[in-house]
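The numbering of the sequence shown is my numbering, which starts it at 4 and goes up by one.
Idealized CB from N, CA, C, for every residue including glycine.
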Amino acid sequence: MAQPPGQPPQDGFGAPQDPPVPGGGFGAPPPQGPPAGPPQPGYGYPQQTPPPQQPGPYGQPQAGPYGQSQPGPYGQQPGPYASGPYASGPYGQPQQPGPYGQQPGYGHPQFPGAPGTPPPGSGSRGPFKGKSAVLIGAATAVLIALGTTVWAVSGGDGEKDDKPVARQSDDPGPQPSGAPVNPGDGSGDGDSGPEDLNEGRKPGESKVLWYKEAPDAPRSGADAPGMWITDRTAVKAAYKELSAYNVADGKPTWEPLVFPQKICAVTPEKTSDDKVVVAYMSGSSDRAKCNQLQLVDLDTGEKGWTRKVEDGALFDSVMSLEMTLSGNTLMVGRSQSGTAFDVTSGDKMYDKRKYGEACFPAAFAGGERLIQVASCGAGGTNEHDEVQELDPKTGKVRWTHKVEKGWRVERAYSVDPVVLYSTNKEKKAWNISTLGRGGSIRSQVSVDEDFGAQCGWAILARDLQGCEGVVADGDTLYLPTKATTGANEVVAVSLATGKEKWRVKSPVAKSMLPVKTEGGKLIAYVEPSYDGGGRVVSIATTGSSHEPVTLLQNPQGTAAIERGFFSKDLDWVDGRFYLSTTRLTGNDEAKEKLMLAYGK
């Protein structure tokens, strides 16, 4: 998740990362948490309309931004795949001409919520089409202070009014840490100015089921990672706390869990029996490590096993971690290695360490499968990335895919199927490719477009699964285009061919982001405007018509609150839409938003 600007970079392979420069991946979605002031140019910024496509789908040589062909990350092939293992694929294909900065660069991914931040890498007609990008050595992004409120659950009994309430954003003065500002159950601190968020709701508009404000955070800011929805409970982490609310009315379902130190990583997934693992710091000093693990039951708030993550070898830090679940395997990634634990018992299963020609595990992605990305031969002539699928139970390598030198795997848009977003700093190019079951290239996206997934900061460390707005199912990848103004589009790309299947425009002049697929439909979120709330829509994935059908039209009266979630997590579960922040600014002049739920 996005890290607070101004803090020392975390060197773990993932957990909280400082927002340096936008990391690339078309998913390099905008850093979660809007930078204040004029946006800093990211990869591919400024971006302009892509040049006209060259004749031929992508088999004909095309000049790159500097008049040279841009090889793909999986082997440089002469001409249009004249020979070699990828002779039939787009890798290695020459790039299209385009002035520097014309195409979104390898900063493809967009950092969420950063107004004016270049969207995630734009798509190119042929993979690694040489989208140009302006590289900045460091980003001085500063998170914008959000005008929202902070709260801490006090475990109120909800005997009073259960209407969603919110304090005015100009409510003066910081709240003392731990003060029950607005748990949303009628047991707030009695401060003046509460308002019924459903007052004045118009016919056809959805209902604000509940709204929560964030616990007080330090001036340096704090992470608010993870959002998990079960059949009855919505759980959110923020700073040192884990809070749970009834999905229907927002009443606290268990007392907030307060950790001794700040939360530094969480498992984005939950187990089949609704448990997650939370990591928190060993102390508050600059030397503190992100090495304390705690299993938590989302439905009851009960704590399970605890573990300490041991340090790795020299330079293999646990100053930050990233965690992922695959079945019953919890993979904890350091900066240069990983350790697997049985999530049921907390017992250590195996380690993933250096192998081969100085290949160090750099990042992991979990879910239906367990994927490892390793950095090999750093600083040498054979420097490159390798992608492996691991057996979650044993750590045994099922296949290895070697990436060509110069290309860095930034994001995993999906692990089943494996869809990777890679960038090339020197060539200012990006690529989105799908790997088959054996690790070979199945296809590469050949759509000439500027895409706009929203991803957290990931520069010094990789956050493979830190993107919103990108969805993949068995045979299709759904990508949002970047729109600097007005409506964008969602493009459906065939994972078999890499070509566009269809596209649909946002129903209003705001961006539409894919959220998930269910029941043969794509669920997408349309962002709110200044005069209207956001909406949740469904889009048929088959057939001839893909027009968005509105499932929820959020009320105009809460559009300002909805717009205030600059860095955000989204979810749609059982007909309810959940929106939460991923970063607290620590601004004492305004209360901060934490979570908002809409329904019928």
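Gly-349 and Asp-319 have their C-alpha atoms spaced approximately 22 Å apart. Annotated three-state conformation of Arg-445 is strand, per DSSP. Ranking Thr-303, Met-322, Lys-306 and Gly-304 by CA distance to the CA of Val-312 puts Met-322 first.
By the beta-carbon neighbour count (other beta carbons within 10 angstroms, threshold 16), Glu-202 is exposed. Per DSSP, Glu-389 is one residue of the beta strand (DSSP E) stretching across 387–393. By alpha-carbon distance to Thr-256, the top candidate from Ala-237, Ala-217, Ile-266 and Arg-414 is Ala-237. Residue state for Gln-559 is assigned as helix, using DSSP reduced to three classes.
Of the residues Val-539, Ser-417 and Lys-428, the one whose Cα lies closest to the Cα of Thr-479 is Ser-417. If only uninterrupted beta strand (DSSP E) runs of at least 3 residues are considered, those enclosed by the segment 292–369 are 293–300, 306–311, 325–329, 332–336, 341–345, 351–355 and 362–368. For Trp-402, the enclosing beta strand (DSSP E) covers residues 400–405. Between Gly-469 and Lys-210, the gap from beta carbon to beta carbon reaches 8 Å or more. Within the same chain, Leu-212 come within 7 Å of Ala-251 by CB-CB distance, once the 5 residues on both sides are set aside. About 31 Å separates the Cβ atoms of Ser-329 and Gly-382, ruling out a contact at the 8 Å cut-off. The segment 586–593 and the segment 217–227 touch, with three or more beta-carbon pairs separated by less than 8 Å. Looking at the backbone, the Cα of Asp-276 and that of Val-400 are separated by about 27 Å. Take the alpha-carbon of Asp-476 and the one of Thr-520: they are about 7 Å apart. The beta strand (DSSP E) runs lying completely inside the segment 494–578 and spanning 3 residues or more are 503–508, 515–521, 524–529, 538–543, 552–556 and 571–576, given in chain order. Put simply, the backbone Cα of Ile-526 is about 14 Å away from that of Thr-545. Beta-bridge analysis with DSSP links Trp-410 to Asn-427.
For Arg-465, the number of other beta carbons within 10 angstroms of its own is at least 16, and it is reported as buried.
Three or more beta-carbon pairs drawn from the segment 353–362 and the segment 332–345 are found closer than 8 Å, and the two stretches are therefore classed as touching. A direct Cα-Cα distance of roughly 48 Å separates Trp-505 from Gln-264.
Around the beta carbon of Pro-364, 16 or more other beta carbons sit within 10 angstroms, so the residue counts as buried.
Counting along the chain, Asn-201 sits inside no beta strand (DSSP E), nor does DSSP assign it H or E at all. Contact check for Leu-573 and Val-494: beta-carbon distance about 19 Å, past the 8 Å limit, so the pair fails to qualify.
Contact between Met-326 and Thr-270 holds, with the beta-carbon distance rounding to 5 Å and staying under 8 Å. In the displayed model, Phe-454 falls within a strand according to three-state DSSP. The three-state secondary structure of Gly-229, taken from DSSP, is coil. The residue from Ala-377, Leu-393 and Glu-392 with its alpha-carbon nearest to that of Val-412 is Ala-377. Excluding its 5 nearest sequence neighbours in each direction, Leu-301 has C-beta neighbours in its own chain below 8 Å: Trp-231, Thr-233, Thr-236, Val-238, Ala-247, Lys-273, Asp-277, Lys-278 and Val-279, listed in chain order. Boundaries for Tyr-242: no beta strand (DSSP E) harbours it, and the DSSP string shows neither H nor E there. Between the segment 385–393 and the segment 427–435 there are fewer than three C-beta pairs closer than 8 Å, too few to call the two in contact. Contact check for Leu-317 against Val-335 fails: the beta carbons are separated by 8 Å or more. Remark: C-beta atoms of Thr-585 and Lys-571 approach each other more closely than 8 Å.
Comparing alpha-carbon positions, the option among Glu-565, Ala-563, Ala-600 and Lys-596 lying closest to Asp-577 turns out to be Ala-600. For Ala-490, the closest C-alpha among the options Lys-508, Val-448, Ala-543 and Arg-445 is that of Lys-508.
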